[in-house]
Amino acid sequence: MNSQDQRKIWTIGSMTVVMIIGNSMFIPVLPHMEQEWSMTSTQAGLTLSIFSFVAAVMIPLVGYLALRFEKKILTSLALLAVIIGCVIALSSLSIHSTSISFLVLMLGRACQGLGAGILSPLPYIFAGELFAKNDQPVALSMVEVFNGIGKVTSPFIGIYAITLGGEWLFVAYIFVSLLSLFLTQRQITRTKDVDPTTSLSSYLTYYRKNIKSNVKGIFHILLMSGMTMLLLFGYLTYFSYELEWMLGKTGIEKALYFTVPLLLMTLSSWWTGKYLKRNTLKSHQLLYISFSIMAGVFILGILLNTFISIVFIMSFFAISAGISLVCCNLLLTRNVLLEDRTTIMSFYSMTRFVGVACGPPLYSLWMYEEALMFSFSLLLLIAVWGYYHINKLATCIHVVTATDG
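The numbering of the sequence shown is the numbering used here, which starts it at 32 and goes up by one.
Laid out in structure tokens, this is it:
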């Protein structure tokens, strides 16, 4: 891989970081945002949800937008949407009315989510288009590396920025977005694979047809990944408040504790990918292990509430989440035909973003009753696990019946 290709990797990696820090940078500073914008815990959680919901809505439309616009132009527009959203959010701090300030902040976060939703699949598309076939695996793996870098560094960026003032959260986000925009203009070449004759209605018809024909065989995978993201971002929200309000951890100390589960999740995802590359049929077994770890930490959460137990719970839950998500990626890829994969993967990304959106507001309500919060999580896990087993059993019966027939 030559130096030009390496610069392209840095460019598409920067797009991934912009998308990741859009929520990950804000989770550890939610208690501070409550004070800066005079809002409740639920409202703070909604600032994360609006970002993810808008991103989820935009993801299925990226395929259509990529047909209508050149991908370089589409990337630039997405990054500009993030920057404009940051400017709108910054303006909310100058508004004296608390209710209006919150609405303007939500508008800014929605605009950021619009840009992030468009960006979400583009690094993977560029990795497949801008590199030779032999270099594509390296490019795709580097996208995941930048994904992990974004998750691990975002708590430090957010906590350092908030110590300077609430406005610095969005100044930092603008800086990262401008850097990505600069790299995009310099390193990404313009493509001509556009089809302006494609109508939105025909694209949506095609999209619905693909989803309808595949959803029965993959719904259990969508459910598992959506649940995992809901639990992950819900517990990260809980962890942020618990570290600061109950345990008195602030500043860099808080960032270090908050980074531990994110780093462990990144490492477990990397290990799972390496393991499944050699043992491609072990994904179901790893899912069982992942669910068992989750069940164990939820039971521990019901019984104990100490500093050590909370860090232990978050660490092992993050490990299990990393294993689960990689297994879901592999199972989905196996269960979908190549010609339907782009559509289904965008729908899969949408369900994950919906999970991200639902987690923070729900857990910002439930975190005040921790035993009930862990009990609900355990019941949700058992329900999804049970559905997964029933679906797998039904598939086996269908295969046996078809073979006998």
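All residues carry an ideal CB built from backbone N, CA and C; glycine is no exception.
Just so we're clear, the structure is a prediction, and the values are computed from it rather than from any experiment.
When you compare the CB positions of I350 and I324, do they come within less than 8 Å of one another, or not?
The residue labelled residue 350 in the question sits at position 319 within the sequence shown. The residue labelled residue 324 in the question sits at position 293 within the sequence shown. Contact: yes.
How far does the alpha helix (DSSP H) with V202 in it reach, from first residue to last?
Here residue 202 refers to the residue found at position 171 of the sequence shown. Looking at the DSSP string, the run of the alpha helix (DSSP H) that includes V202 is E198 to Q218.
In the structure shown, what three-state DSSP assignment does Y399 receive?
As a position in the sequence shown, residue 399 is number 368, starting the count at 1. If DSSP states are grouped into helix, strand and coil, Y399 belongs with coil.
Drop a sphere of 10 angstroms on the beta-carbon of Q218, count the other beta-carbons inside from all chains shown, and report buried for 16 or more, exposed for fewer.
Reading the sequence shown from its first residue, position 187 is the one you call residue 218. Buried.
Which of helix, strand or coil does DSSP assign to E160?
As a first step, residue 160 must be located in the sequence shown, where it is residue number 129. In the structure shown, E160 sits in a helix (DSSP, three-state: H, G or I).
Helix, strand or coil: which one does DSSP assign to Q37?
Position 6 of the sequence shown, counting from 1, holds the residue named residue 37. In this structure, Q37 counts as helix in the three-state DSSP scheme.
State the CB to CB distance for the pair V135 and I126, rounded to an integer number of angstroms; the pair is presumed to be in contact (CB under 8 Å).
Within the sequence shown, residue 135 is the residue found at index 104, counting from 1. Within the sequence shown, residue 126 is the residue found at index 95, counting from 1. Contact flag correct, Cβ pair sits at about 6 Å.
Under DSSP, the alpha helix (DSSP H) around W276 begins and ends at which residues?
Stepping through the sequence shown from its first residue, residue 276 is reached at position 245. Premise fails: W276 is in no alpha helix (DSSP H) and is neither H nor E.
Grouping DSSP H, G and I as helix and E and B as strand, with all else coil, what is E101?
Here residue 101 refers to the residue found at position 70 when the sequence shown is read from its first residue. Looking at E101 - three-state DSSP - the assignment turns out to be coil, as it is neither helix nor strand.
Residue range of the alpha helix (DSSP H) that N366 falls in?
In the sequence shown, counting from the first residue as 1, residue 366 sits at position 335. Its alpha helix (DSSP H) spans residues F338 to N366.
Tell me the residue span of the alpha helix (DSSP H) that contains F133.
Here residue 133 refers to the residue found at position 102 when the sequence shown is read from its first residue. That run of the alpha helix (DSSP H) goes T129 to L150.
Give the secondary structure of M260 by DSSP, where H, G and I count as helix, E and B as strand, and everything else as coil.
As a position in the sequence shown, residue 260 is number 229, starting the count at 1. Note: M260 maps to helix in three-state DSSP.
Taking contact to mean at least 3 C-beta pairs separated by less than 8 Å, is the segment 261 to 280 in contact with the segment 145 to 155?
Segments in contact, no.
Work out the CA separation of L121 and S208 for me, nearest whole Å.
In the sequence shown, counting from the first residue as 1, residue 208 sits at position 177. In the sequence shown, counting from the first residue as 1, residue 121 sits at position 90. The straight-line gap from Cα to Cα measures roughly 15 Å.
Would you say F57 and I242 are within 8 Å of each other, going by their C-beta atoms?
Residue mapping note: residue 57 aligns to position 26 of the sequence shown, counting from 1. Residue mapping note: residue 242 aligns to position 211 of the sequence shown, counting from 1. Going by C-beta atoms, F57 is not nearer than 8 Å to I242.
Hey, could you find the ends of the alpha helix (DSSP H) M64 is sitting in?
Against the sequence shown, residue 64 aligns to sequence position 33. Looking at the DSSP string, the run of the alpha helix (DSSP H) that includes M64 is L61 to W68.
Please go through the same chain and pick out, in chain order, the residues whose beta-carbon is closer than 6 Å to the beta-carbon of I421, but skip the five residues on each side of it.
Working through the sequence shown from its first residue, we reach residue 421 at position 390. Cβ neighbours of I421 beyond the five flanking positions: none.
Just to confirm the assignment, what range does the alpha helix (DSSP H) spanning P91 have?
Residue 91 sits at position 60 when you count from the first residue of the sequence shown. Note, P91: premise wrong, no alpha helix (DSSP H); not H, not E.
If the criterion is Cβ atoms closer than 8 Å, does the pair I43 and A158 meet it?
For the purposes of this step, residue 43 is taken as the residue at position 12 of the sequence shown. For the purposes of this step, residue 158 is taken as the residue at position 127 of the sequence shown. Yes, the Cβ-Cβ distance between I43 and A158 is below 8 Å.
Quick test of your reading: G94 and T374, contact by CB under 8 Å. State the CB separation rounded to the nearest angstrom.
If you number the sequence shown from 1, residue 94 lands on position 63. If you number the sequence shown from 1, residue 374 lands on position 343. That belief holds up - the Cβ atoms of G94 and T374 are roughly 7 Å apart, short of 8 Å.
Which value, in whole angstroms, describes the spacing of the CA atoms of Q35 and L161?
Residue 35 sits at position 4 when you count from the first residue of the sequence shown. Residue 161 sits at position 130 when you count from the first residue of the sequence shown. For Q35 and L161, the distance between alpha carbons rounds to 11 Å.
Which residue marks the beginning of the alpha helix (DSSP H) containing S299, and which one marks its end?
For the purposes of this step, residue 299 is taken as residue 268 along the sequence shown, with counting starting at 1. Residues G282 to R309.
Which residue comes first and which comes last in the alpha helix (DSSP H) that contains F322?
Here residue 322 is taken as the residue at index 291 of the sequence shown, counted from 1. Run containing F322: S314 to L334, per the alpha helix (DSSP H) assignment.
Looking at the structure shown, is M376 part of a helix, part of a strand, or coil, going by DSSP?
Within the sequence shown, numbered from 1, the residue matching residue 376 stands at position 345. DSSP places M376 in helix when its eight states are reduced to three.
Could you pull out every residue in the same chain whose Cβ sits closer than 6 Å to the Cβ of I339, ignoring the five residues on either side in sequence?
By 1-based counting over the sequence shown, the position of residue 339 is 308. Hits under 6 Å: none found.
Between L212 and L110, is the Cβ-Cβ spacing less than 8 Å?
Here residue 212 refers to the residue found at position 181 of the sequence shown. Here residue 110 refers to the residue found at position 79 of the sequence shown. Closer than 8 Å, so yes.
What is the rounded straight-line gap between the Cα of V430 and the Cα of I114?
Taking the sequence shown and counting its residues from 1, the one referred to as residue 430 is at position 399. Taking the sequence shown and counting its residues from 1, the one referred to as residue 114 is at position 83. Unreliable placement is indicated for V430, whose pLDDT of 42 sits below 50; the coordinate value is still reported in the next sentence. Between V430 and I114, the C-alpha separation is close to 52 Å.
Could you have a look at S230 and say whether DSSP puts it in helix, strand or coil?
Counting from one through the sequence shown, the residue named residue 230 turns up at place 199. In the structure shown, S230 sits in coil (DSSP, three-state: anything other than H, G, I, E or B).
Does the pairing of the segment 407 to 415 with the segment 68 to 79 give three or more beta-carbon distances under 8 Å?
Output reads no: the segment 68 to 79 does not touch the segment 407 to 415.
Comparing C-alpha positions only, which one of N310, V88 and A97 sits nearest to G144?
In the sequence shown, the residue the question calls residue 144 occupies position 113. Of the candidates N310, V88 and A97, the one whose C-alpha sits nearest the C-alpha of G144 is V88.
Give the secondary structure of I81 by DSSP, where H, G and I count as helix, E and B as strand, and everything else as coil.
Against the sequence shown, residue 81 aligns to sequence position 50. Of the three classes helix, strand and coil, the one that applies to I81 here is helix, per DSSP.
So, T303 versus L317, is the Cβ gap smaller than 8 Å?
What you label residue 303 is simply residue 272 of the sequence shown in a count that begins at 1. What you label residue 317 is simply residue 286 of the sequence shown in a count that begins at 1. Contact: yes.
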